[in-house]
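Peer 1: Chain order of the listed sequences is A and B.
Counting in our numbering, the first sequence runs from 30 upward without gaps.
Counting in our numbering, the second sequence runs from -19 upward without gaps.
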Amino acid sequence: MKRILIISCLMLSFTVHAFCQRAAVESAFDKYHINRIAIDSLTQHNELRFNFDLITTIVTESSQKIYKAHHDASKTGEEAWALQSVNNGNPSGSDRSTFKKQHDQHIPALKPDTSTFKLVKDDGKELVVSFQYDQTSMIDDNKFMKDCLVKLFFDATTGKLLRSEGSITNSFKIKMFKANYLASTVIYQYNEVIERYLPLKEEVSINLNILGSAVDMITTNEYSNYQQP
Amino acid sequence: MRSLKLLLALFLVTCFKTVAGAQDTTQMAKIYFVRSTGYEGSLLVFHCFVDSTLMCVLNNDQYSTHFVMPGDHQLNVTAHSKSLSNQNKALSISVAAGQSYYIKIFPVKGYDNKVKIMSVAETTIRPVLAKCELKTNCIQ
């Protein structure tokens, strides 16, 4: 009986603690006039509502591929993407197929789990908030993101989001590969017309275990020339 | 008494120099060269250059830090050469005061021992730095 009481008290204290943390984050969002709807829609690919140019660079120890492409928002599905070059040459059939696979995946957007919100820093100049994704919003392909800790960095003077950082520090499985860690950074620009954040640069680094060797793979996406269709 | 004054003057000059030096770096940008992988047995050293000047010689799992003036710089890493004949394969970066820039070195395994370098985000380099050692006595 005593044990049940202790466990109940502990669970209650954790719940209260999580609630307080979330309340602190929401209070900070209000204090700095942060557009909460824009933050909640960060993972919803708002950039796909625009025409833009994209340069994707994938670097490993043995190779480097640079894909240059254009996105046309007036078209739908795979028609919206035009792969222009790979390593400054004409794309091969295999390049087109790889590119198509990367951009034609219909993985649902991940949602932040509000109960994991934490206020990391608030010094009047910079606001940093952390959270984890809601596991109910995941599918098998992105289940590994359950251990990802995301941090959002805001300029407290403007209330605008500057960048987000994500990290998985434990080993995890991504499809058929075992990975040792993952780290990512996204730099954003606020679009006043649609009142949403658009990515300017994304960098994802994964350390994979391939045939017993640890291999770094770094992928960067650089977005430019955003225009409304 | 005179020697005491001299000693005091020397002490003050040293303090001033230290403080002045510390102030200088705040107006500069910090560049990290990071080498986490490479050839077996660390037989091959990599030479890191900023604007054609040799800044550091790195072995496997080592990194070095260098302060540079804000502005445009040409970065290069070679496997063999201790000097640069041209900047054909240089990485051009524009740096700002007070900021850090992380240059990851990728050795391309093959007969010609090519090296490629890439400016990466702090999140990318953080786990790599954790397993590397800072090289302070650079030109050795």
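No residue lacks a Cβ here, since even glycine has one placed at the ideal position from N, Cα and C.
1) Taking C-alpha atoms, which residue in Lys150/A, Ser70/A, Leu227/A, Thr127/A lies nearest to aspartate 184/A?
2) Verify whether the separation of the beta carbon atoms of threonine 85/A and asparagine 250/A is less than 8 Å.
3) From the DSSP output, which residues share a beta bridge with glutamine 218/A?
4) Closest to threonine 17/B by C-alpha separation, out of Asn236/A, Ser123/A, Met205/A, would be which residue?
5) Let's test the definition: count the other Cβ atoms within 10 Å of the Cβ of threonine 49/B and tell me whether it reaches 16, buried, or not, exposed.
6) Using the beta-carbon count (16 or more within 10 Å), is alanine 98/A buried or exposed?
7) Out of Ser56/A, Glu55/A, Lys60/A, state which residue places its alpha-carbon closest to the alpha-carbon of threonine 187/A.
8) Out of Asp245/A, Asn75/A, His62/A, Asn80/A, which has the shortest C-alpha to C-alpha gap to glutamine 257/A?
9) Does the Cβ of glutamine 79/B have 16 or more other Cβ atoms within 10 Å, making it buried, or fewer, making it exposed?
10) Closest to serine 242/A by CA distance: which of Ala208/A, Pro141/A, Pro228/A is it?
11) Label leucine 38/B either buried or exposed according to how many other C-beta atoms from any shown protein chain fall within 10 Å of its C-beta, with 16 as the threshold for buried.
12) I need the DSSP call for threonine 104/B, collapsed to helix, strand or coil.
13) Quick check: is the beta carbon of methionine 98/B nearer than 8 Å to any beta carbon in chain A?
14) Give a yes or no on whether the minimum CB-CB distance between isoleucine 247/A and chain B is below 8 Å.
15) Does any CB atom of chain B fall closer than 8 Å to the CB of alanine 212/A?
16) Could you tell me which of Val95/B, Cys118/B, Thr116/B, Tyr82/B sits nearest to threonine 103/B, measuring between CA atoms?
17) For chain B, find out if any of its Cβ atoms is closer than 8 Å to the Cβ of glutamate 232/A; answer yes or no.
18) May I have the straight-line CA-CA distance separating alanine 67/A from glutamate 221/A, to the nearest angstrom?
19) Going by alpha carbons, who is nearest to leucine 190/A out of Ser56/A, Asp69/A, Ala138/A?
20) Starting from glutamine 256/A and walking both ways along the beta strand (DSSP E), at which residues does that stretch end?
21) From the DSSP output, in three-state form, read off glutamate 107/A for me.
22) Starting from alanine 131/A, trace the beta strand (DSSP E) both ways and give me its first and last residue.
23) For the pair the stretch 25 to 34 of chain B and the stretch 54 to 71 of chain B, tell me if three or more CB-CB distances fall below 8 Å.
24) Closest to serine 91/A by CA distance: which of Ile247/A, Leu77/A, Tyr252/A, Ser253/A is it?
25) Kindly indicate which three-state DSSP category serine 70/A falls into: helix, strand or coil?
26) Kindly list, in the order they appear in chain B, the residues whose Cβ is closer than 9 Å to that of asparagine 236/A.
27) Taking only beta-carbon positions, decide if valine 88/A is within less than 8 Å of chain B.
28) Within a Cβ cutoff of 7 Å, which residues of the same chain sit near tyrosine 255/A, ignoring the five residues on either side of it in sequence?
29) Which residues, in chain order, does the stretch 153 to 180 of chain A contribute to contact with chain B at a C-beta distance below 7 Å?
30) State yes or no: is the beta carbon of glutamate 251/A nearer than 8 Å to at least one beta carbon in chain B?
31) Could you spell out where the beta strand (DSSP E) holding glutamate 155/A opens and where it closes?
32) Note down, in chain order, each residue of its chain lying with its Cβ closer than 6 Å to the Cβ of lysine 175/A, except the 5 sequence neighbours on either side.
33) I think valine 115/A touches isoleucine 87/A, with their Cβ atoms under 8 Å apart; what is that distance to the nearest whole Å?
34) Decide if the stretch 97 to 112 of chain A is in contact with the stretch 142 to 160 of chain A; the criterion is three or more beta carbon pairs, one per stretch, under 8 Å apart.
35) Please list, in chain order, the chain A residues whose beta carbon lies closer than 8 Å to that of threonine 104/B.
Peer 2: The relevant details are as follows:
1) Lys150/A
2) yes
3) Leu227/A
4) Asn236/A
5) It is methionine, not threonine, that sits at residue 49/B in the sequence shown. Its Cβ having fewer than 16 others within 10 Å, methionine 49/B is exposed.
6) buried
7) Lys60/A
8) Asn80/A
9) Label assigned to glutamine 79/B: exposed.
10) Ala208/A
11) buried
12) helix
13) Closer than 8 Å to some Cβ of chain A, the Cβ of methionine 98/B qualifies, so yes.
14) yes
15) So yes, alanine 212/A belongs to the interface.
16) Tyr82/B
17) The beta-carbon of glutamate 232/A is placed less than 8 Å from the nearest beta-carbon of chain B.
18) 11 Å
19) Asp69/A
20) 242 to 256
21) Glutamate 107/A falls in the helix class under three-state DSSP.
22) The sequence as given places glutamine at residue 131/A; alanine does not occur at that position. Per DSSP, glutamine 131/A belongs to no beta strand (DSSP E); it is in the alpha helix (DSSP H), 122 to 132.
23) Segments in contact, yes.
24) Ile247/A
25) coil
26) Pro107, Val108
27) yes
28) Phe79, Phe81, Leu227
29) none
30) With 8 Å as the cut-off, glutamate 251/A does not count as an interface residue toward chain B.
31) 155 to 162
32) Gln164
33) Between isoleucine 87/A and valine 115/A the Cβ distance is about 10 Å, and since that is not below 8 Å, they are no contact.
34) no
35) Ala212, Thr214, Glu232, Ser234, Ile247
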